[in-house]
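A.B. asks: FYI, UniProt numbering numbers position 73 of the sequence shown as 73, with every residue one higher than the one before it. We treat Cβ as the ideally placed atom computed from N, Cα and C, and that holds for glycine. Quantities reported herein were computed from a predicted structural model and do not represent experimental measurements.
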Amino acid sequence: MPITIQSGDITEQRADAIVNAANSSLMGGGGVDGAIHRAGGPQILAECRELRDSQYVQGLPTGQAVATTAGNLKARWVIHTVGPVYSTEEDRSALLASCYRESLQVADTLGADSIAFPAISAGVYGWPAESAARIAIDTVREADTSVTDIRFVLFNRAVLDAFQRAAAES
Numbered sequence: 001m002p003i004t005i006q007s008g009d010i011t012e013q014r015a016d017a018i019v020n021a022a023n024s025s026l027m028g029g030g031g032v033d034g035a036i037h038r039a040g041g042p043q044i045l046a047e048c049r050e051l052r053d054s055q056y057v058q059g060l061p062t063g064q065a066v067a068t069t070a071g072n073l074k075a076r077w078v079i080h081t082v083g084p085v086y087s088t089e090e091d092r093s094a095l096l097a098s099c100y101r102e103s104l105q106v107a108d109t110l111g112a113d114s115i116a117f118p119a120i121s122a123g124v125y126g127w128p129a130e131s132a133a134r135i136a137i138d139t140v141r142e143a144d145t146s147v148t149d150i151r152f153v154l155f156n157r158a159v160l161d162a163f164q165r166a167a168a169e170s
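1) Using the beta-carbon count (16 or more within 10 Å), is Gln55 buried or exposed?
2) Kindly indicate the opening and closing residues of the beta strand (DSSP E) around Ser7.
3) Taking three-plus beta-carbon pairs below 8 Å as touching, is the region 56–68 in contact with the region 97–106?
4) Assign Val85 to one of two classes, buried (16 or more other C-beta atoms within 10 Å of its C-beta) or exposed (fewer than that).
5) At what residues does the alpha helix (DSSP H) containing residue 184 begin and finish?
6) On the three-pair Cβ rule with 8 Å, is the region 134–145 touching the region 25–36?
7) Quick check: what's the CA-CA separation for Glu90 versus Ser25?
8) With a CB to CB cut of under 7 Å and the five nearest residues on each side skipped, what residues in its chain are close to Gly71?
9) Spatial neighbours of Lys74 within its chain, please: C-beta separation below 8 Å, excluding the five flanking residues on both sides.
10) Is the beta carbon of Pro128 sitting closer than 9 Å to the one on Val153?
11) Assuming Asp113 contacts Val147 under a Cβ cut-off of 8 Å, what Cβ separation, rounded to an integer in Å, is found between them?
12) For Ser170, count neighbouring Cβ atoms within 10 angstroms of its own Cβ and tell me buried if that reaches 16, exposed if not.
13) Taking the alpha-carbon positions, what's the Leu51 to Arg151 distance?
14) Between which two residues does the alpha helix (DSSP H) containing Ala132 stretch?
15) DSSP three-state label for Val149, please.
16) Return the chain-ordered list of same chain residues with a C-beta closer than 8 Å to the C-beta of Ile3, the five sequence neighbours on each side being excluded.
Given below as structure tokens:
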């Protein structure tokens, strides 16, 4: 399956699903999470609150994914996934890979043909760009999914370069 890597603002993407690098509270935050909540409007937060109250009282676990409306975004759904905070003490690569795998599984369940990913955990969660990119590209390439249009939409030039290198090497 073709994978597109591009620079841009993920909130501007026309895709069936946009992936949000959420925090476990699902209540919005900084970075891409805050941008998606601001651009998508109050409907996203309202559905996140419902999910939080009904299914994820302790918060969405790291590595899992759940969908909500996309509100005012140019997408049908937002798939929220919680990436791991980078650690030099323990290998959390499997949790990061799970974010991509689980997001694709949710997209499949929804019947999405296209999905736009940010660089999960490569911002404030401190994951080194080269490693985050390799995990993301390898996981998506190996995934058993019916999604036909997979995009990585990256805001930061260093992260974009790392994803382009990872795609060329794998």
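C.D. replies: Based on what the coordinates show:
1) One-based indexing of the sequence shown puts residue 55 at position 55. So Gln55 counts as exposed.
2) Residue 7 sits at position 7 when you count from the first residue of the sequence shown. Per DSSP, Ser7 belongs to the beta strand (DSSP E) from 3–7.
3) yes
4) Reading the sequence shown from its first residue, position 85 is the one you call residue 85. Exposed: under 16 other Cβ atoms inside 10 Å.
5) There is no way to answer for residue 184, as the model of the chain reaches only from 1 to 170.
6) no
7) As a first step, residue 90 is located in the sequence shown; it is residue number 90 there, counting from the start. As a first step, residue 25 is located in the sequence shown; it is residue number 25 there, counting from the start. Spanning the two alpha carbons is a distance of roughly 23 Å.
8) Locating residue 71 in the sequence shown gives position 71, where the first residue counts as 1. Excluding sequence neighbours, Gly71 sits near Gly40, Gly41, Gln43, Ile44.
9) Position 74 of the sequence shown, counted from the start, is the residue given in the question as residue 74. So the qualifying residues of the chain are Glu12, Gln13, Arg14, Ala15.
10) As a first step, residue 128 is located in the sequence shown; it is residue number 128 there, counting from the start. As a first step, residue 153 is located in the sequence shown; it is residue number 153 there, counting from the start. No, the pair does not count as a contact, with Cβ atoms beyond the cut-off.
11) Within the sequence shown, numbered from 1, the residue matching residue 113 stands at position 113. Within the sequence shown, numbered from 1, the residue matching residue 147 stands at position 147. Rounded, the Cβ-Cβ distance is 6 Å, consistent with contact.
12) Position 170 of the sequence shown, counted from the start, is the residue given in the question as residue 170. Flag for Ser170 reads exposed.
13) The residue labelled residue 51 in the question sits at position 51 within the sequence shown. The residue labelled residue 151 in the question sits at position 151 within the sequence shown. Near 26 Å, if we compare the C-alpha coordinates of Arg151 and Leu51.
14) Along the sequence shown, read from residue 1 onward, the residue named residue 132 stands at position 132. Here the alpha helix (DSSP H) through Ala132 covers 129–142.
15) Residue 149 sits at position 149 when you count from the first residue of the sequence shown. A small fix is needed here, since residue 149 is Asp in this sequence, not Val. In this structure, Asp149 counts as strand in the three-state DSSP scheme.
16) As a first step, residue 3 is located in the sequence shown; it is residue number 3 there, counting from the start. Excluding sequence neighbours, Ile3 sits near Ile137, Val140, Arg141, Ile150, Arg151, Phe152, Ala167.
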